[in-house]
Amino acid sequence: MERIRLDYNYTSSVFIKGGMGEADFEQYKEKARLGLSRLIDLVNSGAVGFPNLKGQNTVAMKSFAKEIKGSVNDFIVAGIGGSSLGLETLCDALLPFGYNSLSYGERGSKPRIWVADNVDPSKVASIMNTCEPDDTFLCVISKSGSTVETAANFNIIYEWLKSNVKDISKKVVVITDPEKGIMRSIASEKKFRAFDVPSNVGGRYSVLSPVGLLPAAVLGMDIDRLIKGGASVTADNYEMILVLASIYMYYMDKGRNMNVMMPYSSRLKSFSAWFCQLWGESLGKRYDRSGKEVFFGSTPVPSVGVVDQHSLVQLFKEGPSDKLVTFIEVLNHESDKTLKSSFPAYDYLSGHTMGELCNVELKATEAALKNTGKPSLKLTVDVLDEYTLGQLFMLYQYVVPVIGLAYDIDPFDQPGVEEGKQYAYGLLGREGFEAKKKTFTEIYRKQNDFIL
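Plus 14 on top of the position in the sequence shown (first one is 1) and you've got my numbering.
Quick look at the structure:
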């Protein structure tokens, strides 16, 4: 695959006791091919749509971005989970650190970006206290419109805007289902501008749809390059997808039930969080597709190098043998600096760059894990830009459902999440959820003996 490489030496039995031998690779690649064929069948039937995002038309999104450029100072996104984590990854990876602290001119007349995800009153209050209503645009992202956290943040920010601006319809854009749902109805009623999330693209698979692309365009990112990078993932006949899925499945079956995502770049810290939602929500299932109870899945662990060499690597290296670590290496770090020692004790650093130091530490961690028989694999990109980020997004959007479908798990639903949502609706008095409130009351029993 152009611009992204996979090094899986330290998952092999050549280097790791209990690692994958040639026969294991063949066995698990065949299993991965089964998962891939099932995924392709779902795509061909129209049930799953994320692979088709590579053919979408971006003209309207770029036109919208051009229209509001220079007209607002702040762009607030109300969304959570699949409606926010991809965007936060884009912002951390492709915008300068401290972007919101830059002046309007330094930002190139593009707005500051704020993500109202959690229903934490202090966070939302701080966003509104920082922004001026007349100079703010609100983007609401919810496929159904029923996500309670997004609904709450939307209502709070909408009332704040409505109380302070003349024409609220010119201050809100909605990204939602093309035909149905609460948010689609609201957009039609209030005459808000609306962009579609394809009905067969789930939230955690939606970063390369308007969910991620519209805010990215507003912030000046090259959304066509993001799509092009994503489209390149299948250019090698799915080879990297099949190999990655095979490795993950092998080690899951061997009891390594923790999957660590550890990019060596602060710019990819949010990518680890995005990966964790994709992996956890897609694969953590009580039942398989036939209804058999299986309690399938493994636990994703977000990490970032080199910071977590000083916290988690001690556990990864010398703790339980229950983890597989995936490193991401960036060969050429942006704004790299050459070190020059001002003190004799640090002369060994002179002439080296900070990016070189970062990558040396990655290799050192690979070696340290190998030395205690702990497996790891590494993805390498030459630079971190729209193209390579699109590749990383699409690569894992394929790998995860291939794994799930290989084990006959549905990687596109989230019944465990829905149950909690429904209890919350009942407790909040939403019409139609009275029975859920009753069920919750029966379940949620506690004894004072166990409360200090």
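Using N, Cα and C, we set each Cβ at its ideal position, and we do this for glycine too.
Member of the options whose CA lies at the smallest distance from the CA of residue i
i, options, result
"Gly234", "Phe357, Lys68, Ser158 and Ile82", "Ile82"
"Asp131", "Ser325, Thr150, Ser98 and Val308", "Ser98"
"Ile342", "Val186, Lys176 and Ser280", "Ser280"
"Thr394", "Asn66, Glu295 and Leu376", "Leu376"
"Lys337", "Ser312, Leu152, Leu419 and Leu101", "Ser312"
"Pro425", "Lys331, Gly434 and Leu292", "Leu292"
"Ser224", "Gly430, Ala165, Lys451 and Lys157", "Contrary to the premise, residue 224 reads as Pro rather than Ser in this sequence. Looking at the Cα atoms, Lys157 is the closest of the given residues."
"Leu175", "Ile90, Ile423 and Thr455", "Ile90"
"Val321", "Val413, Val344, Tyr278 and Asp88", "Tyr278"
"Cys153", "Asp267, Met197, Tyr113 and Leu116", "Met197"
"Leu409", "Ala259, Ala139 and Asp88", "Ala259"
"Thr164", "Lys435, Phe464, Arg459 and Lys451", "Lys435"
"Ser335", "Leu109, Tyr265, Arg207 and Gly122", "Tyr265"
"Ala139", "Asp427, Gly69 and Ala166", "Ala166"
"Asn58", "Asn214, Glu433 and Lys76", "Asn214"
"Leu256", "Tyr22, Lys43 and Ile18", "Lys43"
"Ala382", "Asp396, Glu400, Gly333 and His366", "Gly333"
"Ala126", "Arg52, Gly269, Asp361 and Gly84", "Per the sequence shown, residue 126 should be read as Arg rather than Ala. Closest option to Arg126, Cα to Cα, is Gly84."
For residue i, the residue or residues it bridges with in DSSP
i, result
"Trp128", "Ile90"
"Arg19", "Thr394"
"Phe151", "Phe89"
"Glu343", "Thr394"
"Pro314", "Asn273"
"Met34", "Ser26"
"Glu307", "Tyr301"
"Leu99", "In DSSP, Leu99 forms no bridge with anything."
"Lys337", "Met272"
"Thr367", "Thr352"
Exposure label - residue i; buried when at least 16 CB within 10 Å
i, result
"Gly319", "buried"
"Asn373", "buried"
"Ile141", "buried"
"Asn66", "exposed"
"Tyr118", "exposed"
"Lys229", "Note that residue 229 is Pro in the sequence shown here, rather than Lys. By the 10 Å Cβ count, Pro229 comes out buried."
"Ala378", "exposed"
"Ser304", "exposed"
"Ser136", "exposed"
"Phe447", "buried"
"His347", "buried"
"Asp191", "buried"
"Ile94", "buried"
"Tyr24", "buried"
"Ser220", "buried"
"Ala359", "exposed"
"Phe29", "exposed"
"Gln323", "buried"
"Asp181", "exposed"
"Glu445", "exposed"
"Val344", "buried"
"Val86", "buried"
"Gln411", "buried"
"Ser246", "buried"
"Leu168", "Leu is not the amino acid found at residue 168; the sequence shown has Phe there. Phe168 should be labelled buried."
"Ala489", "Lying before the first or after the last residue shown, residue 489 is absent from the chain, which here runs from 15 to 466."
Cβ pair residue i, residue j closer than 9 Å
i, j, result
"Val133", "Ile155", "no"
"Ser356", "Ala107", "no"
"Lys392", "Met368", "no"
"Met276", "Ser286", "yes"
"Phe289", "Pro314", "yes"
"Val327", "Ala79", "no"
"Ala46", "Ile457", "no"
"Val339", "Pro389", "yes"
"Phe64", "Gly216", "yes"
"Phe407", "Gly33", "no"
"Met263", "Ala420", "yes"
"Thr103", "Trp128", "no"
"Gln405", "Gly226", "no"
"Ile241", "Thr402", "no"
"Lys205", "Phe151", "no"
"Asp148", "Asn178", "yes"
"Asp302", "Asp422", "yes"
"Leu282", "Leu441", "no"
"Ile18", "Met254", "yes"
"Ile237", "Lys354", "no"
"Tyr439", "Thr453", "no"
*asked:* As an exercise, report each continuous alpha helix (DSSP H) stretch of at least 4 residues that is fully enclosed by the segment 182–214, in chain order.
replied: 196–204
_Complete alpha helix (DSSP H) runs within the segment 377–437 (minimum length 4 residues, chain order)_ = 400–420
*With a floor of 4 residues, list each alpha helix (DSSP H) that falls wholly inside the segment 207–271, ordered by position along the chain.*
224–232, 237–245 and 253–267
*At 4 residues or longer, and completely inside the segment 152–176: list those alpha helix (DSSP H) runs for me, N to C.*
162–176
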